[in-house]
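Colleague:
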Amino acid sequence: MKETPIKVNSKEVGLEIGLLLAKFFLDSEDLHFGYWPDGSKTDFLTFPEAQSRHSNLIFENIPDEVNSILDVGAGSGELARKLSEKGYKVDCVSPSSFLSDSIESKLPSESKLFRTTLENLETDNRYDLILFSESFQYIKLEKGIEQIARYLKRDSYLLICDFFQLPQKESSPLRGGKKLDKFFATIEKYSFQLIKDIDITSETSPTIEILDNFLTKFLKPTTTLSAKYLSSNYPMIYRLLKWKMYSRFDKIKRVYLSNKITKESYMKHKSYRLFLYKTTSV
Numbered sequence: 005m006k007e008t009p010i011k012v013n014s015k016e017v018g019l020e021i022g023l024l025l026a027k028f029f030l031d032s033e034d035l036h037f038g039y040w041p042d043g044s045k046t047d048f049l050t051f052p053e054a055q056s057r058h059s060n061l062i063f064e065n066i067p068d069e070v071n072s073i074l075d076v077g078a079g080s081g082e083l084a085r086k087l088s089e090k091g092y093k094v095d096c097v098s099p100s101s102f103l104s105d106s107i108e109s110k111l112p113s114e115s116k117l118f119r120t121t122l123e124n125l126e127t128d129n130r131y132d133l134i135l136f137s138e139s140f141q142y143i144k145l146e147k148g149i150e151q152i153a154r155y156l157k158r159d160s161y162l163l164i165c166d167f168f169q170l171p172q173k174e175s176s177p178l179r180g181g182k183k184l185d186k187f188f189a190t191i192e193k194y195s196f197q198l199i200k201d202i203d204i205t206s207e208t209s210p211t212i213e214i215l216d217n218f219l220t221k222f223l224k225p226t227t228t229l230s231a232k233y234l235s236s237n238y239p240m241i242y243r244l245l246k247w248k249m250y251s252r253f254d255k256i257k258r259v260y261l262s263n264k265i266t267k268e269s270y271m272k273h274k275s276y277r278l279f280l281y282k283t284t285s286v
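Numbering-wise, the sequence shown is residues 5 to 286 according to our numbering.
Here you go:
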């Protein structure tokens, strides 16, 4: 009997491509924004250093009494690896079939990788801190916070480092991020006390500037040249692709090649925050 091919999730493919690009161009396996404090040089070549500063900002805001950490999302496992090297007991949650092997290869033997979503997680483990580094935007808000409260010990912590949507009349060209007002309204239902709220929107905005340069100066011209080559040399294939993939190509043009993903639009529509919450619930 012929096996039905498994449909590949486009978000997972995007993460894998992002990891490959980071490895090739930057010799890095980090999959998150950079952090540029005032006075830092901002260009493509400083991106790995800025990503290291982003990780260090997280490390600096982990309370001293924390020993065990659950890293939700976990990216390619780089942050979990660094945390383990600092002496923390780190477990990870990742539903990504592409990235889970990378994560597991970087964890010490005593660490556990849960290959599932936070919403579906089942474990007897409880943690001193649950960490989200640009992964909070992917969880289901109500169920996710319910699970966070479930898996934290008494007097333990939730650390979120991610961008959120600001209320604006027009939609943001840069997708992603929970609505900030909805996040506040939801977390207030649970026994969390806000300890820190650090706004790093400005310090992370060069990431979007670098992305904008990549899209407008490389990806857009490359796409135009590729389309021109295919249409002139393989017109039948070009027309077939254009017909079959019209909606996907249209979405790529509308989202990524519109010249609207800019530092200015990011600053207007997004708020990048580091939140540290403490809970007294069991």
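C-beta atoms are modelled at their ideal positions from N, C-alpha and C, and glycine is treated no differently. Bear in mind that the values here come from a model prediction, so they are computed numbers and not experimental data.
What residue from I152, R57, S269 and S109 has the CA that sits closest to E174's CA?
Modeller: Residue numbering aside, residue 174 sits at position 170 when the sequence shown is read from its first letter. Residue S269 is the option with its Cα nearest to E174.
Colleague: Taking all protein chains shown into account, do 16 or more other C-beta atoms lie within 10 angstroms of the C-beta of G43, making it buried, or fewer, making it exposed?
Modeller: Counting from one through the sequence shown, the residue named residue 43 turns up at place 39. Under this definition G43 is an exposed residue.
Colleague: Do K200 and L145 have their beta-carbon atoms positioned less than 8 Å apart in this structure?
Modeller: Within the sequence shown, the letter at position 141 stands for residue 145. Within the sequence shown, the letter at position 196 stands for residue 200. No, Cβ-Cβ distance for L145 and K200 is not below 8 Å.
Colleague: At a cut of 8 Å, does the region 74–81 reach the region 129–140 through at least three beta carbon pairs?
Modeller: yes
Colleague: DSSP beta-bridge partners for K282?
Modeller: Start at 1 with the first residue of the sequence shown, and residue 282 comes out as number 278. Partner(s): Y161 and Q197.
Colleague: Tell whether a beta-carbon distance below 8 Å holds between Y142 and P67.
Modeller: Position 138 of the sequence shown holds residue 142. Position 63 of the sequence shown holds residue 67. No; because the gap between Cβ atoms is not below 8 Å, this pair is not in contact.
Colleague: Going straight from the alpha carbon of F168 to that of M240, what length do you get?
Modeller: Along the sequence shown, read from residue 1 onward, the residue named residue 168 stands at position 164. Along the sequence shown, read from residue 1 onward, the residue named residue 240 stands at position 236. F168 and M240: Cα-Cα distance of roughly 44 Å.
Colleague: With a 10 Å radius around its C-beta and 16 neighbouring C-beta atoms as the bar for buried, classify F196 as buried or exposed.
Modeller: Here residue 196 refers to the residue found at position 192 when the sequence shown is read from its first residue. So F196 counts as buried.
Colleague: From which residue to which residue does the alpha helix (DSSP H) around I62 run?
Modeller: Working through the sequence shown from its first residue, we reach residue 62 at position 58. F51 to E64 is the extent of the alpha helix (DSSP H) around I62.
Colleague: Please report how far the alpha carbon of K147 lies from the alpha carbon of S236, in whole angstroms.
Modeller: As a first step, residue 147 is located in the sequence shown; it is residue number 143 there, counting from the start. As a first step, residue 236 is located in the sequence shown; it is residue number 232 there, counting from the start. Computed Cα separation, rounded: 52 Å.
Colleague: Please report the straight-line C-alpha distance between I191 and Y155, rounded to a whole angstrom.
Modeller: As a first step, residue 191 is located in the sequence shown; it is residue number 187 there, counting from the start. As a first step, residue 155 is located in the sequence shown; it is residue number 151 there, counting from the start. Per the coordinates, the alpha-carbon of I191 lies some 15 Å from the alpha-carbon of Y155.
Colleague: Enumerate in chain order the residues of its own chain whose CB-to-CB distance from Q172 is below 8 Å, with the five nearest sequence positions on each side excluded.
Modeller: Taking the first residue of the sequence shown as position 1, residue 172 is located at position 168. Counting only Cβ-Cβ distances below 8 Å, and skipping sequence neighbours, we find K272 and H273.
Colleague: Leaving out five residues before and five after S209 in sequence, what residues of the same chain have Cβ atoms less than 7 Å from its Cβ?
Modeller: As a first step, residue 209 must be located in the sequence shown, where it is residue number 205. So the qualifying residues of the chain are K267, Y270 and M271.
Colleague: Checking 8 Å against the spacing of the C-beta atoms, do N71 and Y92 come in under that value?
Modeller: Sequence index remark: in the sequence shown, residue 71 carries index 67 (1-based). Sequence index remark: in the sequence shown, residue 92 carries index 88 (1-based). For N71 and Y92, yes; Cβs fall inside 8 Å.
Colleague: To the nearest angstrom, how far is the alpha carbon of L198 from that of E69?
Modeller: Taking the sequence shown and counting its residues from 1, one reaches residue 198 at position 194. Taking the sequence shown and counting its residues from 1, one reaches residue 69 at position 65. Approximately 17 Å, taken between the alpha carbons.
Colleague: Suppose you measure from the CA of I73 to the CA of Y131; what does that come to, to the nearest Å?
Modeller: Taking the sequence shown and counting its residues from 1, the one referred to as residue 73 is at position 69. Taking the sequence shown and counting its residues from 1, the one referred to as residue 131 is at position 127. For I73 and Y131, the distance between alpha carbons rounds to 6 Å.
Colleague: Note the first and the last residue of the continuous alpha helix (DSSP H) segment covering F136.
Modeller: By 1-based counting over the sequence shown, the position of residue 136 is 132. Looking at the DSSP string, F136 is not in any alpha helix (DSSP H); the run it does join, the beta strand (DSSP E), is Y131 to S137.
Colleague: Looking at C-alpha atoms only, which residue of P99, R85 and E126 is the closest neighbour of N114?
Modeller: Taking the sequence shown and counting its residues from 1, the one referred to as residue 114 is at position 110. Per the sequence presented here, residue 114 reads as Glu, with Asn not at that position. The candidate whose alpha carbon is nearest that of E114 is R85.
Colleague: Any heavy atom of the ligand PLP inside 7 Å of the beta-carbon of E126?
Modeller: Looking for the ligand PLP in the displayed structure turns up nothing, as the structure carries no ligands at all.
Colleague: Please report the straight-line C-alpha distance between Y281 and F118, rounded to a whole angstrom.
Modeller: Locating residue 281 in the sequence shown gives position 277, where the first residue counts as 1. Locating residue 118 in the sequence shown gives position 114, where the first residue counts as 1. Y281 and F118: Cα-Cα distance of roughly 23 Å.
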